[in-house]
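Residue numbers (the numbering used here): 21 to 156.
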C-alpha cells in the first residue's frame, strides 16, 4: 500500500518536470532546427500570419486565380474543414432543438400524479419480487 502511494507521488511529481532542450551541433544562425522547441522569430510569424490573413479573406475564384498550388490546397482544406464543422454544428443544434421542443405542450405533472407514478413503480417492483421468489 505504501509502495503504491509513494510510486504515485513520484509519478505525479515527475509529470511537472522540465524536459531538456534538444541540442544539435548542426544548428547555427544559417541552418534551421527541426526540434519542436525551436522558437520562430516574431518577423517570420508576422509575415506568415499576414499572408494567411490575406489568403483566408479571398473568395474561391480569387484563390483559384491568384494562389500557388500549395497555398490553394491549404485554402481548400481549411474551408472544407470549416464547412464540415459548421454543418455538424447545425445538425447538432437541430437535434438539441428537437429535444427542447419535446417539452413544449406537455403539462407538468401534479404532485398527486407523481405519487401515483411512484406507487405504480413500487407495486411493479413488488410483483417482480414475488414472481422471482416463486421461480426459486
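Ideal Cβ placement from N, Cα and C applies to all residues, glycine included.
(Q) Across the region 82-93 and the region 107-114, are there enough close Cβ pairs to call them in contact, namely three or more that are closer than 8 Å? (A) The region 82-93 vs the region 107-114: no contact.
Q.
Quick test of your reading: residue 69 and residue 95, contact by CB under 8 Å. State the CB separation rounded to the nearest angstrom.
A. With a Cβ gap of about 15 Å, residue 69 and residue 95 do not count as contacting.
**Q.** Simplified DSSP state of residue 23, which is helix, strand or coil
**A.** helix
Q. From residue 145 to residue 120, what does the alpha carbon distance come to, in whole angstroms?
A. Going from the Cα of residue 145 to the Cα of residue 120 covers about 31 Å.
Q | Chain-order list of residues whose beta-carbon lies under 8 Å from that of residue 78 (same chain, five-residue window excluded) | A | 86, 87, 95
Q) If you compare alpha carbons, which of 112, 114, 80, 113 is closest to residue 99? A) Closest by alpha carbon: 80.
Q | residue 88 (DSSP reduced to helix, strand or coil) | A | Reduced to three states, the DSSP call for residue 88 is coil.
Q) When DSSP labels each residue in this structure, what does residue 60 get in the three-state scheme? A) coil
Q | Boundaries (first-last residue) of the alpha helix (DSSP H) holding residue 132 | A | 131-155
Q: Note down the Cα distance separating residue 129 from residue 73, rounded to an integer number of angstroms.
A: 55 Å
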